[in-house]
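Trainee: Residue numbers (full-length UniProt numbering): 1 to 301.
Where is the CB? At the ideal position from N, CA and C, for every residue including glycine.
Note that the structure is a prediction, hence the values are computed from the model and not measured.
Sharing a structure with you now.
Now the structure itself:
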């Protein structure tokens, strides 16, 4: 989940590779093992070599050359498996692939080129589609919609929201539209509508002046990007540095059945959803902001 607009709750979720080197037993194989092995792989001697004639040197050399030639020929003709057409059969998937690879390069730059923190586009899209196919509830979505909803709940929320808040990227709009479409489908189903208070932690440190200015009670509060929230205040509080939002929303939809981490109890609010600031107080070192969704006016006020 990414209920933090600056860093979020997602980091690298990839486990470290485990060594598969077998442990040494300290025992040498029994001599009979090699005899059995020879019996298994010799096409002429079979498993009863002791009762058969030995191969001549020239015959053995010919067999050796033939097997070597066959093995080499197989290696030369074997082609790598082509990616599934399903990974890139729509403009949105192509845009998603472009965005993922761009984010990989960005993260590699931050790490000095040592690692990206995320997998390749084909791997991420492929795993997400496998998740969709195994989840009966996901049948309501097109591939594009599910990919947008599911992958937004990973670290890929960053390039999506950065595009909406700060800098336009040509490959992101198709992803945004697919995400909006998927959320709209969920919003029409009472099962995914959220009637409980939501919480959103902001890890970015804000001065008292910034908080007062941003959450001015005299005008609606809007976020240009998607807002990730949680029905669990503990999760939101774990990400909070200086500000926690407490929201009552009629537009939020529960995406936890389709999220990377269902335990985060994530709900997403669409961009530009208007909220009224109904409470603002500072407790200890943390600001608590109470927001209530209001009807959107045509003039944006």
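At 4 residues or longer, and completely inside the region 166–198: list those alpha helix (DSSP H) runs for me, N to C.
Mentor: Qualifying alpha helix (DSSP H) stretches, in chain order: 173–187.
Trainee: For residue 208, which of 289, 134, 150 has the nearest alpha-carbon?
Mentor: Checked all of 289, 134, 150; the closest Cα to residue 208 is 289.
Trainee: Whose C-beta lies closer than 8 Å to the C-beta of residue 230 among residues of the same chain, with five residues either side of it excluded?
Mentor: Cβ neighbours of residue 230 beyond the five flanking positions: 1, 3, 198, 199, 200, 236, 264, 265, 266, 267.
Trainee: Whose C-beta lies closer than 6 Å to the C-beta of residue 146 among residues of the same chain, with five residues either side of it excluded?
Mentor: Answer for residue 146: 132, 138, listed in chain order.
Trainee: Taking 8 Å as the threshold (C-beta atoms), are residue 92 and residue 175 in contact?
Mentor: Their beta carbons are under 8 Å apart, which means residue 175 touches residue 92 by this criterion.
Trainee: Determine, using beta carbons only, whether residue 304 and residue 227 come nearer to each other than 8 Å.
Mentor: An answer regarding residue 304 cannot be provided, because it is not within the stretch 1 to 301 covered by the chain.
Trainee: Which value, in whole angstroms, describes the spacing of the CA atoms of residue 111 and residue 295?
Mentor: Each residue's Cα considered, the two are about 44 Å apart.
Trainee: Please classify residue 157: is it buried, with 16 or more other beta-carbons within 10 angstroms of its beta-carbon, or exposed?
Mentor: Buried.
Trainee: Quick check on the burial criterion: 16 or more other C-beta atoms within 10 angstroms. Buried or exposed for residue 46?
Mentor: In this prediction, residue 46 scores a pLDDT of 37, lower than 50, which makes its location untrustworthy; the coordinate-derived value is nonetheless stated afterwards. Exposed.
Trainee: Got a sec? Which residues, its chain only, sit under 6 Å from residue 223 by beta carbon, not counting five neighbours each side?
Mentor: Closer than 6 Å at the Cβ level, and outside the excluded window around residue 223, lies no residue.
Trainee: Quick check on residue 260: does DSSP put it in helix, strand or coil?
Mentor: Of the three classes helix, strand and coil, the one that applies to residue 260 here is coil, per DSSP.
Trainee: Can you tell me whether DSSP reads residue 119 as helix, strand or coil?
Mentor: Three-state DSSP puts residue 119 in coil, outside helix and strand.
Trainee: Since residue 217 and residue 277 are thought to touch, with beta carbons under 8 Å apart, how far apart are those beta carbons, to the nearest angstrom?
Mentor: With 8 Å as the limit, residue 217 and residue 277 qualify as a contact, their Cβ atoms being about 4 Å apart.
Trainee: Leaving out five residues on either side along the sequence, give the residues of the same chain with a beta carbon under 8 Å from the beta carbon of residue 275.
Mentor: Excluding sequence neighbours, residue 275 sits near 220, 221, 222, 247, 249, 291, 292, 293, 294.
Trainee: Cα separation between residue 121 and residue 151?
Mentor: Those two C-alpha atoms are separated by around 11 Å.
Trainee: Scan the region 198–265 and note each continuous beta strand (DSSP E) run of 3 residues or more that stays entirely inside, going in chain order.
Mentor: For the region 198–265, whole beta strand (DSSP E) runs of length 3 or above, ordered along the chain, are 198–202, 227–230, 243–248.
Trainee: Could you give the first and the last residue of the continuous alpha helix (DSSP H) run that contains residue 141?
Mentor: That residue, residue 141, is in no alpha helix (DSSP H); it is neither H nor E in DSSP.
Trainee: Going by DSSP, name the residue or residues bridged to residue 283.
Mentor: Its beta-bridge partners are 286.
Trainee: Quick check on this structure: which residue in 166, 103, 123, 287 has the alpha carbon closest to the alpha carbon of residue 83?
Mentor: Minimum Cα distance to residue 83 is reached at 123.
Trainee: Between 85, 253, 297, which has its C-alpha nearest residue 182's C-alpha?
Mentor: Looking at the Cα atoms, 253 is the closest of the given residues.
Trainee: Counting only the same chain and skipping the five closest in sequence on each side, list residues whose C-beta sits under 6 Å from that of residue 165.
Mentor: Result list for residue 165: 224, 225, in chain order.
Trainee: With DSSP as the reference, identify every bridge partner of residue 277, one or two as the case may be.
Mentor: Beta-bridge pairing links residue 277 to 291.
Trainee: I'd like to know whether the C-beta atoms of residue 233 and residue 287 end up nearer to each other than 8 Å.
Mentor: For residue 233 and residue 287, no; Cβs fall outside 8 Å.
Trainee: Quick check on residue 149: buried or exposed, where buried means 16 or more other Cβ atoms within 10 Å of its Cβ?
Mentor: Residue 149 comes out buried.
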